[in-house]
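Q: When you line the sequence shown up against the working numbering, it's residues 1 to 347, in that order.
For every residue, glycine included, the Cβ atom is placed at its ideal position computed from N, Cα and C.
Every value quoted in this text rests on a predicted model; they were computed, and no experiment measured them.
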Amino acid sequence: MDGKRKQRKKEHIKYSMLLEKMLQRNVFNDITILHNCLSQVNLKDVDLSSNLQNIKLTSPIIINAMTGGMKKGEIINRKLSEIAKKLGLAMAVGSQTIALKRPNSIRSFKVVREINPDGIIFANLGADATVEEAIKAVQMIDADALQIHLNVPQEVMMKEGRRNFTGAINNISEIIRNINVPVIVKEVGFGIAAEEALTLVENGVKIIDVGGTGGTNFMAIENMRNKSQTYKHLQDWGIPTPISLIEAVKTVGNRADIISSGGLKNGLDAAKSLALGAKATAFAGSFLYILLKEGPSSLEKHILKIEKEIRYIMAMTGVKNIEELKQRPVIVQGNTFQWLKCRGIII
Ligand SMILES: Cc1cc2nc3c(=O)[nH]c(=O)nc-3n(C[C@H](O)[C@H](O)[C@H](O)COP(=O)(O)O)c2cc1C
């Protein structure tokens, strides 16, 4: 079983890389931040800091959950955490379920804390984890928060995946009641609707990562893994990231901090997310692709460029910080506008 789990993790990396190469990552095309011709901003005063509840972020860029559990995962986690440390970014590890079952894979996760003793690190488990497992995952890496991932479309596509999803929300609120770090509930690329964002908040969730469509697609990945039977026509399932972001922000208001992720590719997507009300932005597949194809120094340059782009956009918008960026008008057009109209959500 655990050998199969390792193999699956390797295949997730392999197929996400293949899909990444073909991906457009253009879901934010319907969103425009209003230009400000009378900007009064001095670029050196632009402040990119943010916060997720009590967690202070010096940058709104988060390296999202990807891997761990096997040698390759350890190497990737090591490189990502070196970059996270150097650039002061928060970083999540991949699902730690394997380490709870197989102690010899704990190293591949712990390495992230060893390299970055003072950094912001998020643990990661599925919504079926017990309180005891959640506590162990957090302790394993001395995590600042626990991510709980929601991934029903991936599980149903996976031959060996879960088939029973009952109890997820009760489980999440039980974990929140019994753990001493903030819990971030995240989707893995199919989005979170207003209805479920509200349910999460009503059950004590204070940080939501919308993880919408437009980037890494785990239904496509599972279809590539399962050569005997594919469900290609289901692959477009889900809620595009900007829509999910707007649905969540408009519904939960200031009762939870929202992270934008799923298909983000550059500083413009990140700035649009922040203008739409996200507290932070998270990147996974595109970072992994650059890391594995071009190496750590390319990824480092790429992230610095994203931050620079956000700063430039803030200058062009006439705002000095993320709070002010949120006040700037945003124009929503096309399919995104139509969707929100159908849903009765006014932006
Ligand atoms: C290779 C790979 C492995 C992943 N493994 C996990 C995981 O273990 N736990 C999790 O919560 N999300 C996992 N994700 C999902 C990401 O954290 C993220 O939610 C998703 O990829 C969408 O973001 P993106 O479009 O920037 O890749 C994984 C993503 C990739 C590319």
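Mind checking whether Ala275 and Leu325 have CB atoms under 8 Å apart?
A: Start at 1 with the first residue of the sequence shown, and residue 275 comes out as number 275. Start at 1 with the first residue of the sequence shown, and residue 325 comes out as number 325. Cβ atoms of Ala275 and Leu325: closer than 8 Å.
Q: Run through the DSSP bridge pairs and tell me what Thr67 is partnered with.
A: Here residue 67 refers to the residue found at position 67 when the sequence shown is read from its first residue. In the DSSP output, where bridge partners are listed per residue, Thr67 has none listed.
Q: Do Ile98 and Ala84 have their beta-carbon atoms positioned less than 8 Å apart in this structure?
A: The residue you call residue 84 lines up with position 84 of the sequence shown. The residue you call residue 98 lines up with position 98 of the sequence shown. Taking 8 Å as the Cβ cut-off, Ala84 and Ile98 do not qualify as a contacting pair.
Q: Which of the three DSSP states is assigned to Thr241 in this structure?
A: Within the sequence shown, residue 241 is the residue found at index 241, counting from 1. Here Thr241 sits in helix by DSSP.
Q: What is the chain-ordered set of residues for which the beta carbon lies under 6 Å from any non-hydrogen atom of ligand 1?
A: Output, sorted by chain position: His12, Ile13, Ser16, Asn64, Ala65, Met66, Thr67, Gly94, Ser95, Asn124, Gln147, His149, Lys186, Val188, Gly189, Gly211, Gly215, Thr216, Ser261, Gly262, Gly263, Leu264, Phe283, Ala284, Gly285, Ser286 and Leu288.
Q: Out of Gly344, Arg343 and Arg328, point me to the one whose CA is closest to Ile31's CA.
A: As a first step, residue 31 is located in the sequence shown; it is residue number 31 there, counting from the start. Taking only the C-alpha atoms, the option nearest Ile31 is Arg328.
Q: Which residue comes first and which comes last in the beta strand (DSSP E) that contains Glu187?
A: On the sequence shown, residue 187 is found 187 positions in, with the first residue counted as 1. Note, Glu187: beta strand (DSSP E), Val183 to Glu187.
Q: Measure from the alpha carbon of Gln40 to the alpha carbon of each residue in Met314, Glu133 and Arg78, then state which is nearest.
A: Here the question's residue 40 lines up with position 40 in the sequence shown. Here the closest residue by C-alpha is Met314.
Q: Compare the Cα-Cα distances from Leu38 to each of Met316, Asn321 and Glu323 and report the closest residue.
A: Here the question's residue 38 lines up with position 38 in the sequence shown. For Leu38, the nearest C-alpha among the options comes from Met316.
Q: Can you tell me whether DSSP reads Asn266 as helix, strand or coil?
A: On the sequence shown, position 266 is the one that residue 266 refers to. It is coil, neither helix nor strand.
Q: Using the Cβ count rule (16 or more neighbours within 10 Å means buried), how would you classify Glu114?
A: As a first step, residue 114 is located in the sequence shown; it is residue number 114 there, counting from the start. It is exposed - the Cβ of Glu114 has fewer than 16 other Cβ atoms within 10 Å.
Q: Between which two residues does the alpha helix (DSSP H) carrying Ile120 extend?
A: Reading the sequence shown from its first residue, position 120 is the one you call residue 120. Run containing Ile120: none; DSSP gives neither H nor E here.
Q: Compute the distance between the beta-carbons of Val252 and Ala197, then report whether it is under 8 Å.
A: Residue 252 sits at position 252 when you count from the first residue of the sequence shown. Residue 197 sits at position 197 when you count from the first residue of the sequence shown. For Val252 and Ala197, yes; Cβs fall inside 8 Å.
Q: Would the segment 153-165 count as touching the segment 226-245 if we require 3 or more Cβ pairs under 8 Å?
A: The answer is yes - the segment 226-245 touches the segment 153-165, with three or more Cβ pairs under 8 Å.
Q: Ordered along the chain, which non-local residues of its own chain (more than five positions away) have a Cβ less than 6 Å from that of Ser105?
A: Against the sequence shown, residue 105 aligns to sequence position 105. Correct list, in chain order: Gly69, Ile98 and Ala99.
Q: Output yes or no for whether 8 Å exceeds the beta carbon distance between Thr281 and Ile259.
A: Residue mapping note: residue 281 aligns to position 281 of the sequence shown, counting from 1. Residue mapping note: residue 259 aligns to position 259 of the sequence shown, counting from 1. Yes. Within cutoff.
Q: Measuring only the C-alpha atoms, how far is Thr58 from Ile135?
A: Residue 58 sits at position 58 when you count from the first residue of the sequence shown. Residue 135 sits at position 135 when you count from the first residue of the sequence shown. Each residue's Cα considered, the two are about 26 Å apart.
Q: In terms of residue numbering, what span does the beta strand (DSSP E) encompassing His302 cover?
A: Sequence index remark: in the sequence shown, residue 302 carries index 302 (1-based). Where His302 is concerned, there is no enclosing beta strand (DSSP E), although the alpha helix (DSSP H) it sits in stretches over Pro296 to Thr317.
Q: Going by C-alpha to C-alpha distance, which of Ser273, Leu43, Ile331 and Arg107 sits closest to Pro72?
A: As a working note, residue 72 is residue 72 in the sequence shown. Note that residue 72 corresponds to Lys in the displayed sequence, not to Pro. Ranking the options by Cα distance to Lys72, first place goes to Arg107.
Q: Kindly indicate which residue of Phe218, Lys6 and Glu11 has the alpha-carbon position closest to the one of Lys232.
A: Numbered from 1 along the sequence shown, position 232 holds the residue referred to as residue 232. The option with the nearest alpha carbon to Lys232 is Phe218.
Q: Who are Ser260's beta bridge partners in DSSP?
A: For this step, residue 260 is matched to residue 260 along the sequence shown. Paired residue(s): Thr281.
Q: Between the alpha carbons of Glu222 and Lys44, how many angstroms are there, rounded?
A: Numbered from its first residue, the sequence shown carries residue 222 at position 222. Numbered from its first residue, the sequence shown carries residue 44 at position 44. Cα to Cα, the separation comes out at about 46 Å.
Q: For the alpha helix (DSSP H) containing Asn178, list its first residue and its last residue.
A: Taking the first residue of the sequence shown as position 1, residue 178 is located at position 178. It spans Ala168 to Asn178 - the alpha helix (DSSP H) in which Asn178 sits, taken as one unbroken run.
Q: Tell whether a beta-carbon distance below 8 Å holds between Pro60 and Ile322.
A: For the purposes of this step, residue 60 is identified with residue 60 of the sequence shown, where counting begins at 1. For the purposes of this step, residue 322 is identified with residue 322 of the sequence shown, where counting begins at 1. Yes.
Q: Provide the residue(s) that pair with Ile55 in DSSP beta bridges, ordered along the chain.
A: Along the sequence shown, read from residue 1 onward, the residue named residue 55 stands at position 55. Answer is Leu52.
Q: Are the segment 162-176 and the segment 199-207 touching, with three or more C-beta to C-beta distances below 8 Å?
A: Enough Cβ pairs lie closer than 8 Å, so yes.
Q: Tell me, please, which residues DSSP counts as bridged to Leu146.
A: Locating residue 146 in the sequence shown gives position 146, counting from the first residue. Ala123 and Val183.
Q: Which of the three DSSP states, helix, strand or coil, is assigned to Ala92?
A: The residue given as residue 92 occupies position 92 in the sequence shown. Three-state result, Ala92: strand.
Q: What residue from Ser16, Leu23, Phe28 and Ala145 has the CA that sits closest to Gln333's CA?
A: As a working mapping, residue 333 is identified with position 333 in the sequence shown. Here the closest residue by C-alpha is Phe28.
Q: What is the residue span of the alpha helix (DSSP H) that Val201 lies within?
A: Locating residue 201 in the sequence shown gives position 201, counting from the first residue. First-last of the alpha helix (DSSP H) with Val201: Ala194 to Glu202.
Q: Skipping 5 residues on each side, what residues in its chain have a beta carbon closer than 7 Å to that of Thr216?
A: In the sequence shown, counting from the first residue as 1, residue 216 sits at position 216. Cβ within range, chain order: Ser16, Gly189, Ala284 and Gly285.
Q: Do the CB positions of Gln53 and Ile207 come within less than 8 Å of each other?
A: On the sequence shown, position 53 is the one that residue 53 refers to. On the sequence shown, position 207 is the one that residue 207 refers to. Contact flag set, yes.
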